[in-house]
Structures are given as C-alpha cells and as structure tokens.
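S.K.: The structure follows.
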Amino acid sequence: MYHHVKQLMYTVRIGTPDPRFGNMLLEQFGGANGELAAAMQYSIQGWNCDDPARKDLLMDIGTEELSHLEVVGTLARMHLKPLKTKHDAAHADPLIAIAGGGGVNLYNSMGDPWTADYLKITGELDVDLRSNIAAEARAKIVYERLIDFCEDPDSIDALKFLMTREITHMKAFTAALKSLGLPPFSIGRIPPTPELVSQYFDDSTGVGNKGESDFRGPWNSGGDWEVVEAPAFRELESEAAGTRAAGGDGQPERQPAASSTSRRSGTRKSA
Ligand code: MN
Ligand code: MN
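Taking our numbering, the leading residue of the sequence shown gets 839, the next gets one more, and so forth.
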C-alpha cells in the first residue's frame, strides 16, 4: 500500500522562475527516461517478481522514484508558474500555458504524452535488471544535461540530489544482477547455437573517406571469437544455423585492393 508523507524527499526552492528551463524539466516528469517511467517500470516489475528479496529492492526503488517524481514535478511547477499569467513566459511552453494553466502534466518537453511504451518489463528478473541499469544510466545523463542548462543554484542542488540517487540505484541493480550468479550471456532457458554464437560477422568492406577500415578489439578478437568476413557474399553452409561458409568466391566481387592493408590488428581467420 502507498502512504503519502506531506514533505518532499528533497526540499525544493528556486531563485527566479525560468519557464524555458521548466519546460526542459518536463523531460524528467513525463518523458521516456523520466521519474514516472522509472517508478512504473520498477514497481510493476516488482509486482511480477517471485523472488522476495529482489522484489523488495524493486519496490523500494520504484517507490523512491515516485518521490523523485514529486520533487521534479514541484520544481517544474515553480519554474512554469509564470506561464499562467505572463505573455512572454507562455511562449516557452504553449501547451502548459494554454491547456495546463502553468501546471505540470504528463508530457515530455516537446509536449508528447507519457506512454506505457516507455516501460521495459519482460517478466525475466535478470533481463529486467539489465534494463534498469541502462535506464538509470539514461536518467543520470539527462539530469547532467539539465544541470548544464540550469542557471539557478537552488534548482541545481535538487537536480544533483536526484542525479546522485540514480547512480545509487544503478549500483543496487548491478549488485542484484550479480547476486543472481548467472553465467555470462546466459539469458532465458534455451542455449544459443554453439557454432554460431561466437561468430563475428564483418558486414562491411573497404576503406572510408577518412581512412576508416575494419577494427579489431575484444568485441571481435581474442577468446573464442571467429571473424567471418563479408558473410553476405558467402555460400550458405547451414541453413539451420544461418551460417555462411567461405567459398572459392567468398569475397565481394569488387573489393578494393587496399582492403588487404585495412585490417588493423589481430589475426584474420578464414571462415
Ligand atoms: Mn529517479
Ligand atoms: Mn533511479
């Protein structure tokens, strides 16, 4: 059950209202990475969660996000209030001025309505936790940009508090994911096809105008990686596995001569 305490989680005050900044703040109120989206995503994941310990985590953070929504909404309201009466201010956000009377509503900074499409809820705890870690990273960077565009020290204080809490949540979700003890890249029940899972498809050819060529890194070399050059130009080896084998004419027909020098490091394995 929910209970409202008649205080904000973080006391909000502002200097001079800045209606244009208030409009930007709506991104964290009714936007894709905003507080309502976070509150709903974690709470509903929690209602779906059969693991009592992680459910407790999801519900605690989901509930904190509702408190963040209250802080952001209050802050945005303070900055948007002049829209109700001041002609110049109204131009900062005509929707809020005309339809909202200077009050906040569940729209993002461009006036798009909040939507459940923002939520990532899969019913798989580890998959949901990965989504949550990414969601916290997005929330953090949006707060950082709001701080960059804010000229009011008191507003910046509140935004720094909210930004910091998102990193706290990121830490907690990361620890919760790790605590599940799953092997790396183990998602769901069906194992990936062994001969296919470690193939890196090099789906580009040639050298770009600025000398860009193929790069090798830990994302495609070392370990059990096998680079498959230009799979689109190879004969289909196994329809079931979707792999393509190196054929006699396995190279693109008009591969530039420079391509042999375009591979930076690591070994090029023949498929
Ligand atoms: Mn938050
Ligand atoms: Mn958060």
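Where a beta carbon is used, it is the ideal one built from N, C-alpha and C, also for glycine.
What you are looking at is a predicted structure, and each value in this text was computed from that prediction instead of being measured.
1) Run the CB neighbour count on Val-1065, radius 10 Å, all protein chains shown included, and call it buried at 16 or more, exposed below.
2) Would Tyr-840 be called buried (16 or more neighbouring beta carbons within 10 Å of its own) or exposed?
3) Is the beta carbon of Ser-947 closer than 7 angstroms to that of Met-862?
4) Short of 8 angstroms in beta carbon distance, which residues of its chain neighbour Phe-987, apart from the five on each side in sequence? Order them along the chain.
5) Keeping to the same chain, check which residues put their C-beta closer than 6 angstroms to that of Thr-849; ignore five residues upstream and five downstream.
6) With 16 as the cutoff for other CB atoms within 10 Å, does Gln-845 come out buried or exposed?
7) Take every Cβ of the region 988-999, pair it with every Cβ of the region 887-894, and state whether three or more of those distances are shorter than 8 angstroms.
8) May I have the straight-line CA-CA distance separating Leu-967 from Thr-901, to the nearest angstrom?
9) Of the choices Arg-851, Ala-1068, Glu-873, Pro-857, whose alpha-carbon is the least far from that of Met-1001?
10) Counting only runs that start and end within the region 998-1038, where is the alpha helix (DSSP H) found for 4 or more residues in a row?
11) Decide if Ile-1025 is buried, meaning its Cβ has at least 16 other Cβ atoms within 10 Å, or exposed.
12) Closer than 6 angstroms: is that where the CB of Ala-876 sits relative to any heavy atom of ligand 2?
13) State buried or exposed for Lys-1048, treating a residue as buried only when at least 16 other CB atoms are found within 10 Å of its CB.
14) Are there 16 or more other CB atoms within 10 angstroms of the CB of Ile-1028, so buried, or fewer, so exposed?
15) Is DSSP giving Asp-1040 helix, strand or coil here?
16) Within the present structure, is the beta-carbon of Glu-903 separated from the nearest heavy atom of ligand 1 by less than 6 angstroms?
17) Helix, strand or coil for Gln-845, going by three-state DSSP, please let me know.
18) Just checking Trp-952 against ligand 3 - is the residue's beta carbon closer than 6 angstroms to any of the ligand's heavy atoms?
19) If we call anything under 7 angstroms between Cβ atoms a contact, is Ile-1005 one with Lys-978?
20) Would you grab the beta carbon distance between Ile-971 and Phe-1011 for me? Rounded to a whole angstrom, and I think it's under 8 angstroms.
M.R.: A quick look at the data gives this:
1) buried
2) exposed
3) yes
4) Phe-859, Met-862
5) none
6) exposed
7) no
8) 16 angstroms
9) Glu-873
10) 1032-1035
11) exposed
12) yes
13) exposed
14) exposed
15) strand
16) yes
17) coil
18) In terms of ligand content, the structure shown lacks ligand 3 and carries ligand 1 and ligand 2 instead.
19) yes
20) 5 angstroms
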